[in-house]
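Quick notes on the structure that follows.
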Amino acid sequence: MARDWTFSPMGLRGAWRYLVAFGFVAMSTAVAEVIYRVFQTDRLSMVFLAGVLVSAVTLGPGPAYFAAAIAFLIYEIYLVEPRFEFALTSAEDFLVLFVFLAVAVLTGGLAGRLREAQRRAEARARTSSALFRASEEFSASDDEDAVRQALAHRIAEAGRQAAVFDGARWWTAPDGVEPPEQLLRAAGAPVTQVATRRVDEWRLRPLRADDQALGLAAWRSTERLHPDDDERLVEVLVDMAAAAVARSRLSGERAEMEARVRTEQLRHALLSSISHDLRTPLAAILASASSLREFGDRFDAAVRDDLTLTIQEEAERLNLFVGNLLNMTKLESGALSIEPVVFGMGEVMGRVVQRLGKRAGERELVAHGGEALLALGDPILAEQALANVVENAVRFSPNGARIEVSAHGVDGRVVVEVTDEGPGVPAADLPMIFEKFYRSQTTAAGQQGTGLGLSITRGLVEAMGGEVDARARTDGRPGLLVALTFPGGRP
Amino acid sequence: MSLGHLLLVDDEQQILRALRPALTAAGYEVATAETGGEALAHLASEACDVVILDLGLPDMDGKDVIVRIREWSEAPILVLSARDLEHEKIAALDLGADDFINKPFGVGELLARLRASLRGRERRFSAHAVFRSGDLEVNFATRRVAVMGEEMRLTPREYDLLKTLARYGGRVVTHRQLIAAVWGPAAQVDAQFVRVLVAQLRQKIEEEPSTPKILLTEPGIGYRLTPEDDA
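As you go down the protein sequences, you meet chains A and B in turn. Numbers in the working numbering are just positions in the first sequence, counted from 1, shifted up by 4. Numbers in the working numbering are just positions in the second sequence, counted from 1, shifted up by 13.
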C-alpha cells in the first residue's frame with residue numbers, strides 16, 4: 005500500500021516524541037529568555053504553557069505530561085526568583101504547575117482522541133481503497149489462478165507475508181514464503197465454516213463460496229504490528245477472492261458447456277443435413293417409381309417421361325451427395341490419399357456441365373477455356389470439387405441466368421472460375437462460405453443447401469495442393485465468382 | 014370421380030413433381046404450396062378436403078402451420094416426416110395432425126393413408142357400427158370381435174384398445190391417446206402398459222403375433238390397425 009510518509013510528529017514513535025516535546029520546551033525557554041532580557045519581566049509562565057500546549061496537541065498525552073513536567077522545572081529553576089534554585093515558595097508556583105498539568109492532560113487527551121480518529125479514518129480509507137482495487141482486480145480475471153495470485157499480492161501489500169493454497173500448490177507474492185509444514189497439515193484438516201484460525205503467528209482462512217472448498221489463504225500477522233481492524237480487511241480480501249474464484253470456476257464450466265453444446269449442434273446439423281439430403285431424392289425416386297408402377301397406364305407419355313426424368317435426376321443428385329459424404333469422411337479422418345496424375349481440365353469441366361446440365365434447367369450453363377490446360381491432381385476429386393461449386397451456382401441463380409465455368413493458366417497453375425447471376429454473398433461473409441454449414445442469409449430458405457458442398461470443395465482442392473477463393477463479380481453484375489486453383493501439370 | 018381437393022405442401026420441387034401425377038390419377042384435385050405462408054393463404058381462399066404437409070418448411074415450423082390450420086379448419090392433415098423425428102411427429106399429432114407417413118414412401122402407402130384420414134375423421138365421431146380390415150371384424154354395437162369369422166373373447170381393456178384403434182380406422186394412435194382411451198384421461202400409466210396390452214391382444218387376433226399383420230407398431234409413436242377395406 006502506498007503510504008504518505010511526509011513528516012508529521014504524529015507519526016513518530018516512542019522516545020522520539022519525548023525528544024521533540026523536550027525540543028518544544030527548549031524553544032519556549034529560548035523565547036522566554038529573549039523576552040526576559042528585552043522586557044525585564046518574569047511573568048513568562050504563558051510562554052512555557054505554549055510549549056506544553058504545542059507538545060500536547062502534536063504529540064499526545066505522554067509527551068505532554070513530560071513537557072509539562074520539564075517546562076515547570078525549567079520555569080521554576082530558570083525564571084522564578086530566586087533564579088537557578090528550585091524552591092516551591094508561593095501558591096502561585098503551585099498554580100503554574102497545576103495549570104501546566106491541566107493543559108497537558110486536557111489537550112493531550114483531546115489530541116490523542118483526534119489522532120486516534122484520524123488514524124481510523126485513514127485506515128478506513130486505506131481499507132476501502134484496497135478492497136476496491138482488489139475487487140477490480142478479481143473481477144477483471146476469469147482465471148482462478150490469477151485471482152489466487154492477486155490475493156497473495158494484495159495481502160502482501162497490506163504488510164504481511166502471505167500465501168494462497170488451491171489444494172495442490174501455494175501461490176505467493178514475489179517475496180512471500182510458504183507457510184511451514186505443520187501449517188500444511190492444519191490446512192489439510194477439513195474446514196466446514198468460514199472462520200480464521202490461528203496457528204502461531206500464521207492465520208488461516210479457507211476460501212469458500214457456495215459451500216465449495218476453493219482453497220486456503222494463509223498470512224502472518226503480529227498483534228503489535230497489525231491491529232485487528234486490518235485483520236478484518238485481510239479477511240474481507242480473502243472472502244472476496246473466494247467469491248471471484250467461484251465465479252471464474254462457474255464461467256469456466258459454462259464455457260465448457262457451451263463448447264459441448266456447439267459440438268452437439270454441429271453434429272446434429274450434420275445428421276439432419278445428411279438425413280434430409282439422402283431422403284429427399286429417395287422420396288422423389290420412390291414416389292415417382294411407385295407412381296409409374298401403380299398408374300403408369302393411366303399417365304400420358306409426357307407425365308411418364310417427367311417421372312422417369314425425376315428418377316434419373318434424383319439418382320444423380322444422390323450420387324453426388326454420397327460422393328461428397330465419402331470425401332468428407334475421408335477428409336475429416338485424414339484418409340484421403342491422392343495419387344496425383346496429370347489430367348485435362350477441359351474434360352473435367354465438360355463432365356461437370358454434362359452432369360449438372362439437367363439440374364440447371366432453364367439456366368444457361370456453359371464451360372470454356374479449359375481445353376488446353378493440364379492440371380495435377382485427382383481428376384475425379386477435381387470433378388467433385390467443381391461440381392459442388394457449379395451446383396451451388398445453379399441453386400442460387402434464377403431461371404434464365406447464365407452460369408459460366410471458365411479456365412485459364414496463371415504462373416503455371418490452372419484457375420477455374422465459376423460465375424453465377426445469383427444474389428451474391430455479403431463481403432463480410434465471403435471468407436465464411438467455405439466453412440462447414442455456412443448458409444446464405446440473403447436467399448429464400450427453399451434454396452438453402454446443406455452447407456457441406458463448398459467446405460468439401462475446399463477440402464478436396466487443398467488436399468490436391470490448390471486453393472479456393474470467392475469474391476463478388478468484378479464486371480459490375482450481381483453474382484458470385486468462385487475460383488479454384490489447381491497445380492499445373494506437364495505432359 | 015373427384016375424391017376432393019387436396020393441398021400438397023412441400024418445399025422440395027422434385028417431391029411435388031413426383032407426387033402430383035399419382036395424386037391426380039387417384040382422383041384428387043391437387044394444389045401445391047412450397048411454403049407455410051403459401052399453404053395458409055391457399056387454405057384461406059380455396060376449399061380443401063385434405064392437406065399433405067411436410068414438417069420441414071423454409072418459412073415457418075410445420076407444427077405452427079398445423080396450429081394455424083386447426084384454428085379454423087377440420088380438414089384432415091397428413092404429415093410427411095423423416096423416420097428419426099419421433100418427437101416432431103408426436104408433437105404434430107398432438108397439435109391436430111391426423112396421421113403421418115415416413116419419407117421415403119411409395120404412392121400406394123400414401124394413398125391408403127389419405128383414404129384412412131378422410132374416412133377416419135368421419136368414423137371417429139359417427140356411430141358406424143362395424144370395422145372390417147382383412148380378417149378382423151369389430152362390431153361396436155355388440156362389442157363382438159371376430160377374426161376370420163371366429164369370435165374372440167377379449168378382456169375389457171383389450172376390447173377398449175382395439176375399439177380405439179378401430180375408431181381411428183387405420184390412422185396412427187399415439188401411446189398417450191391410447192392410455193387416455195383405455196385407462197382414462199387422468200391415468201398415470203407408462204407406455205410399457207400399452208405394449209403389454211398390445212402383446213396380449215396380438216396373441217388373440219394375429220395369426221403370427223411376432224410378425225403382426227393387423228395391429229401394427231409405429232416405433233416410438235404408437236399403433237395403428239391395417240386400414241379398412243375399401244368396400
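Every residue, glycine too, gets a C-beta built ideally from N, C-alpha and C.
Check                                                                                                                             : Outcome
Among A:105, A:248, A:483, the one whose alpha carbon lies nearest that of residue 402 (chain A)                                  : A:483
Residue 485 (chain A) - containing alpha helix (DSSP H), residue span                                                             : Where residue 485 (chain A) is concerned, there is no enclosing alpha helix (DSSP H), although the beta strand (DSSP E) it sits in stretches over 484 to 490.
For residue 41 (chain B), the residue or residues it bridges with in DSSP                                                         : B:17
Closer than 8 Å to chain A by CB, residue 20 (chain B)                                                                            : no
Neighbour-count burial assignment, residue 24 (chain B), 16 or more Cβ in a 10 Å radius                                           : buried
Chain A residues whose Cβ lies nearer than 8 Å to that of residue 32 (chain B)                                                    : 291, 295
Check whether residue 222 (chain A) and residue 166 (chain A) have beta carbons under 8 Å apart                                   : yes
Beta carbon proximity, residue 279 (chain A) to chain B, threshold 8 Å                                                            : yes
Among B:196, B:195, B:146, B:110, the one whose alpha carbon lies nearest that of residue 182 (chain B)                           : B:146
Separation of residue 66 (chain B) from residue 50 (chain B), as counted between CA atoms                                         : 12 Å
Backbone CA spacing between residue 75 (chain A) and residue 106 (chain A) [nearest angstrom]                                     : 13 Å
Nonlocal neighbours in the same chain, by C-beta distance under 7 Å from residue 37 (chain B), ignoring five residues either side : 43
Length of the line joining the Cα atoms of residue 207 (chain B) and residue 52 (chain B)                                         : 36 Å
Proximity of residue 5 (chain B) and residue 130 (chain B) at Cβ, strictly below 8 Å                                              : Summary: the structure shown does not reach residue 5 (chain B), with chain B confined to residues 14 through 244, and so no result is reported for it.
Chain B contacts from the region 312 to 330 of chain A (Cβ-Cβ distance under 8 Å)                                                 : 314, 317, 318
Proximal residues to residue 350 (chain A) (C-beta, below 6 Å), its chain only, five neighbours per side dropped                  : 374, 375
Beta carbon proximity, residue 113 (chain B) to chain A, threshold 8 Å                                                            : no
One or two residues paired with residue 210 (chain A) in a DSSP bridge                                                            : A:220
DSSP state of residue 103 (chain B) mapped onto helix, strand, coil                                                               : helix
Residue 284 (chain A): contacting residues in chain B (beta-carbon distance under 8 Å)                                            : 25, 27, 28, 116
Cβ of residue 310 (chain A) within 8 Å of any chain B Cβ                                                                          : yes
Sub-8 Å separation of residue 488 (chain A) and residue 378 (chain A) beta-carbons                                                : no
Exposure label - residue 42 (chain A); buried when at least 16 CB within 10 Å                                                     : exposed
Local conformation of residue 335 (chain A) per DSSP, three classes                                                               : helix
Buried or exposed (CB count within 10 angstroms, at least 16 for buried), residue 20 (chain A)                                    : exposed
Neighbour flag for residue 235 (chain B) against chain A, beta carbons, 8 Å                                                       : no
Min CB distance residue 288 (chain A) to chain B below 8 Å                                                                        : yes
Backbone secondary structure at residue 20 (chain A) - three-state DSSP                                                           : helix
Cross-strand partners of residue 174 (chain A) (DSSP beta bridge)                                                                 : A:169
Inter-residue Cα distance where the pair is residue 467 (chain A) and residue 272 (chain A)                                       : 26 Å
Contact check, residue 234 (chain B) vs residue 116 (chain B), beta carbons under 8 Å                                             : no
Proximity to residue 144 (chain A) [Cα-Cα], best of A:98, A:249, A:72, A:68                                                       : A:249
DSSP beta-bridge partners of residue 1 (chain A)                                                                                  : Because chain A is modelled from 5 through 495, residue 1 (chain A) falls outside the range shown and cannot be assessed.
Proximity winner among A:38, A:58, A:101, A:170, relative to residue 115 (chain A) (alpha-carbon distances)                       : A:58
Span separating the alpha-carbon of residue 34 (chain A) from that of residue 72 (chain A)                                        : 16 Å
Minimum Cβ-Cβ distance from residue 302 (chain A) to chain B less than 8 Å                                                        : yes
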